[in-house]
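All remarks here apply to the structure that follows.
In mature numbering (1 follows the signal peptide of the UniProt record, and there is no 0), the protein residues as written are -19 to -1, 1 to 155.
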């Protein structure tokens, strides 16, 4: 859960305007557990990734979706999160790109996460939807220069203040 919240935090500051092209940022595939090609796990992973990409077109999910498929040792859990300022079309494009890219970068890993500027996609053989996880701990920063410091600082203060107020007023358990 920590990793998901941290990823949301990172994605909220990724850019001030919507980009039209998804840009690869980073990926992690720990290579601790692998699957056999053409196995039931791989079939379920393919179904899951298709489901994630298909649901990225929905207007009612606010850029976040999680799902699982399969049973027992072949069960696969996954999610995507799109940056809050991107359109449904850009979200769908990013998730589709991520689902195709992650299987190239992590071809037999049972767990993987991939980041783009506009979205992240993650899958695992363990249900980590509601559990605290600090994996992976990855530091990323924007290397671009800020040309208008005063405006940026005001935007930053307003964003952090708004997030703090929203978090403080949220009901317990949400």
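From the three backbone atoms N, C-alpha and C, an ideal C-beta is built for every residue, glycine too.
All values reported here derive from a predicted model rather than from experimental measurement.
Taking C-alpha atoms, which residue in the options lies nearest to residue i?
i: residue 16; options: 9, 55, 32, 51; result: 55
i: residue 118; options: 80, 96, 128, 108; result: 96
i: residue 13; options: 93, 102, 111; result: 93
i: residue 32; options: 51, 18, 20, 144; result: 51
i: residue 108; options: 91, 122, 124, 121; result: 91
i: residue 70; options: 87, 23, 3, 139; result: 3
Is it buried or exposed for residue i, if we count other Cβ within 10 angstroms and need 16 for buried?
i: residue 133; result: exposed
i: residue 8; result: buried
i: residue 46; result: buried
i: residue 105; result: buried
i: residue 44; result: buried
By DSSP's criteria, residue i is part of a beta bridge. Which residues make up the other side?
i: residue 93; result: 104
i: residue 150; result: Its beta-bridge partners do not exist; DSSP assigns none.
i: residue 57; result: 50
i: residue 133; result: According to DSSP, which records beta bridges pairwise, residue 133 is partnered with nothing at all.
So for residue i, helix, strand or coil by DSSP?
i: residue 7; result: strand
i: residue 15; result: strand
i: residue 87; result: coil
i: residue 62; result: strand
Contact check, residue i vs residue j under 8 Å by CB: the rounded distance?
i: residue 37; j: residue 83; result: With 8 Å as the limit, residue 37 and residue 83 do not qualify as a contact, their Cβ atoms being about 14 Å apart.
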